[in-house]
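Numbering (our numbering), first residue to last: 63 to 424.
Glycine residues also receive a C-beta, built at the ideal position from the N, C-alpha and C atoms.
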């Protein structure tokens, strides 16, 4: 067994980052499907979390990502007040070249085999149309199109929730929730990021963007010819002078030993999952005086939407729930101050308390 595999098993069984209830390795050779479904907790209800389709370098890397993402979903769902535990699935491959109807149907059969312990949805590399296909084999599928009984694109409310988290961060740090005139850097302007830019420009914030895809950058610049500029990459973005807020909206690990020391922003609040590359980064941010809005709190708008789909979707009801992310974020900052800990640790304590109470009441 390789050292990487040892690391994955250590995470699963022996580390504080583990404690997962179930991990399922899925393979369908006919379609080429290789997938990992990780259920971290069902204390609050069936595990809910999206399906990521990504070209991982190794299978071990895919398992590790599934474990981390599933754990994050437990905390996210708990903080969002949902009656759902945390789960996540990853499909190994390039979504552009490897995705097929046959593969998605095979994946749907694996999710269905869990009998409702896991409810899936969209994530990086999967879309509403994909969930429509998965749903043909699995009724525990959300994020479907309205034509197929679903709520459609969850990135709209994800962006709205991040926007509310930014407003709460501004209120806490500067005494005013307005983002007018603030300089905000958005790394990743894909499914969620471009909606976030819309909210920021409505408030007349100055926005600096970057994305690995030139077409994504061009779409935003064409939509907002005023007040939005682009830089070459994330390295340039985090060093931008005068940045008030940094919003990581791409993949995880954006806050690490290399990026935190050079951040110019006073606030970090973005849509990406698992932004903290490793334990201790949250303290590094606090030591530098950078206010961190925990990612799984502020990006919960999407999961609020897909959870509502299970009960008959109502957009206005979901938007009202997502708006409460503002109050939840402020409550976390207050708890962090009273306990003398970073906001990420405060959010963890609140979420863990809710899960522990649910387990005790069984």
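Could you give the distance in angstroms between the alpha-carbon of residue i and the alpha-carbon of residue j?
i, j, result
"residue 138", "residue 229", "19 angstroms"
"residue 403", "residue 353", "12 angstroms"
"residue 300", "residue 345", "18 angstroms"
"residue 140", "residue 278", "32 angstroms"
"residue 145", "residue 78", "23 angstroms"
"residue 217", "residue 126", "24 angstroms"
"residue 381", "residue 388", "12 angstroms"
"residue 131", "residue 240", "32 angstroms"
"residue 94", "residue 182", "20 angstroms"
When the Cα of residue i is compared with those of the options, which residue comes out closest?
i, options, result
"residue 302", "265, 117, 158 and 324", "324"
"residue 368", "204, 107 and 157", "204"
"residue 166", "320, 96, 267 and 389", "96"
"residue 186", "227, 180, 314 and 123", "314"
"residue 327", "270, 392, 126 and 275", "270"
"residue 72", "129, 307 and 257", "129"
"residue 274", "239, 311, 305 and 268", "311"
"residue 114", "169, 231 and 76", "169"
"residue 198", "184, 222 and 171", "171"
"residue 120", "70, 223, 196 and 179", "70"
"residue 417", "133, 90 and 99", "133"
"residue 86", "153, 118 and 142", "153"
"residue 419", "89, 90 and 105", "105"
"residue 178", "151, 107, 143 and 214", "107"
Which of helix, strand or coil does DSSP assign to residue i?
i, result
"residue 66", "Any reading at residue 66 must be qualified, since the residue scores a pLDDT of 49, below 50, and its modelled position is unreliable; no value is offered."
"residue 383", "helix"
"residue 220", "helix"
"residue 103", "strand"
"residue 341", "coil"
"residue 310", "strand"
"residue 292", "strand"
"residue 425", "Residue 425 falls outside the range modelled here, since the chain spans only 63 to 424, and no answer is possible."
"residue 317", "strand"
"residue 189", "coil"
"residue 400", "helix"
"residue 257", "helix"
"residue 375", "coil"
I'd like to know whether the C-beta atoms of residue i and residue j end up nearer to each other than 9 angstroms.
i, j, result
"residue 135", "residue 82", "no"
"residue 250", "residue 220", "no"
"residue 237", "residue 248", "no"
"residue 401", "residue 393", "no"
"residue 147", "residue 109", "yes"
"residue 332", "residue 357", "yes"
"residue 206", "residue 414", "no"
"residue 337", "residue 317", "yes"
"residue 212", "residue 190", "yes"
"residue 202", "residue 174", "yes"
"residue 290", "residue 282", "yes"
"residue 246", "residue 308", "yes"
"residue 214", "residue 383", "no"
"residue 363", "residue 224", "yes"
What does DSSP give as the partner residues of residue i in its beta bridges?
i, result
"residue 97", "88 and 153"
"residue 184", "113"
"residue 245", "268"
"residue 328", "DSSP, once it has assigned bridges, lists no residue as partnering residue 328."
"residue 203", "182"
"residue 364", "BP columns for residue 364 are empty, so no partner."
"residue 354", "330"
"residue 148", "103 and 110"
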